[in-house]
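Input: a single structure, listed below in structure tokens.
In the numbering used here, the protein residues as written are 879 to 1083.
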């Protein structure tokens, strides 16, 4: 199952910028919105003390392919992007796609949540993310704050990234090099761990 999912990533994420129509490029680029000023790229003194959590929550509702999961907020690059279930062409045209099935979980749950986006649009500035930065997922289930642990580059056919994990982990994947026409030979990976859960209705600190 994981091999099939990763093979799908190679096919879909390998789409070149030249393969886009002008309309699709414009549409996806405009999905990236300015983030709320309450989210900062670097930690305050209280947040620096936050440690990775061993467990997350369990989603109350089922989410089908193509449906919204919420928003992915990346303070470092001042972006708020729609998060959608699935990694097909239609899903990635709506925002950042979430890998369905294959042992993957939703953001905020216990386990591994993997998100994919196009380097030309939704993840255009992904290379600016630094270790220690925050990735935030906000939806009806709550607000989930992840702290970036590491970034690395793998070959496009590498199967070691999309694997099950015991602790709440969020991984972003996009094509690499960032500025390249045609199919990309590599993937850029950003991995983070859950450090904070805010349930709906809780006052944000």
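Heads up, the beta-carbon is just placed ideally off N, CA and C, and yes, glycines get one too. Fair warning: this is a prediction, and the values are worked out from it, not measured in the lab.
Put simply, the backbone Cα of residue 1028 is about 15 Å away from that of residue 991.
For the pair residue 1065 and residue 1041, the CB atoms are not nearer than the 8 Å cut-off.
Taking 8 Å as the cut-off, the Cβ atoms of residue 1010 and residue 1025 count as close. The alpha helix (DSSP H) runs of length 4 or more contained entirely in the stretch 979-1019 do not exist; there are none. C-alpha of residue 1079 to C-alpha of residue 970: approximately 30 Å in a straight line. Note on geometry: alpha-carbon atoms of residue 1052 and residue 1020 lie some 26 Å from one another.
Taking 3 residues as the shortest admissible run, the stretch 1028-1080 contains the following complete beta strand (DSSP E) segments, listed from N- to C-terminal end: 1047-1054 and 1064-1076. Collapsing the DSSP output to three states places residue 950 in a strand. Cβ-Cβ separation between residue 963 and residue 986: approximately 14 Å, too far for a contact (criterion under 8 Å). DSSP places residue 931 outside any alpha helix (DSSP H), giving it a letter other than H or E. Taking a C-beta distance under 8 Å as the contact criterion, residue 974 and residue 995 qualify as a contact pair. About 5 Å separates the Cβ atoms of residue 1007 and residue 1068, confirming a contact at the 8 Å cut-off. Here residue 955 carries a helix assignment [DSSP, helix/strand/coil]. Judged by DSSP secondary structure, residue 975 falls within the beta strand (DSSP E) whose first and last residues are 974-976.
Under DSSP, residue 965 takes part in no beta bridge, so it has no partner.
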